[in-house]
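What follows is a single structure, written as structure tokens, with notes after it.
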Amino acid sequence: MKELIEYIARSLVDDPLQVSVNQSRNGGKTQLELRVAKEDMGRIIGKGGRVANAMRVLLRVAAAREGKQAALDVIEPR
Numbered sequence: 756m757k758e759l760i761e762y763i764a765r766s767l768v769d770d771p772l773q774v775s776v777n778q779s780r781n782g783g784k785t786q787l788e789l790r791v792a793k794e795d796m797g798r799i800i801g802k803g804g805r806v807a808n809a810m811r812v813l814l815r816v817a818a819a820r821e822g823k824q825a826a827l828d829v830i831e832p833r
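Note that the sequence shown covers residues 756 to 833 in this note's numbering.
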């Protein structure tokens, strides 16, 4: 699942080296945190949050196929 989000994010941004995904387990749920360069936040979030929501849907489908639950947070850069 982590690899899926990394692949999608790196395909969207101008600076793929700045993409990082941290994965943690919270009970029975996998929590993914996506960080990108400040200049690429608009590409990741998309108009009205559509790109980020599409990534969350794909993540949930991939997790469901494995019988798991997952969530994605896009972390604002400093």
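Each residue gets a CB set at the ideal place from its N, CA and C atoms; glycine is no exception.
Sorted by chain position, which residues of the same chain lie with C-beta nearer than 7 Å to residue 829's C-beta, five sequence neighbours on each side aside? 789, 799, 800 and 807
Is it right to say residue 772 is buried, meaning 16 or more other beta carbons lie within 10 angstroms of its own, or is it exposed? Label assigned to residue 772: exposed.
When the Cα atoms are used, what is the spatial distance from residue 756 to residue 765? 14 Å
Just to check my reading of the structure: residue 826 and residue 759 have Cβ atoms closer than 8 Å, yes? What is that Cβ distance to the nearest angstrom? About 14 Å; that fails the 8 Å criterion.
Does the separation of the CB atoms of residue 775 and residue 786 fall below 7 Å? For residue 775 and residue 786, no; Cβs fall outside 7 Å.
State the DSSP-derived secondary structure class of residue 784, mapped to helix, strand or coil. strand
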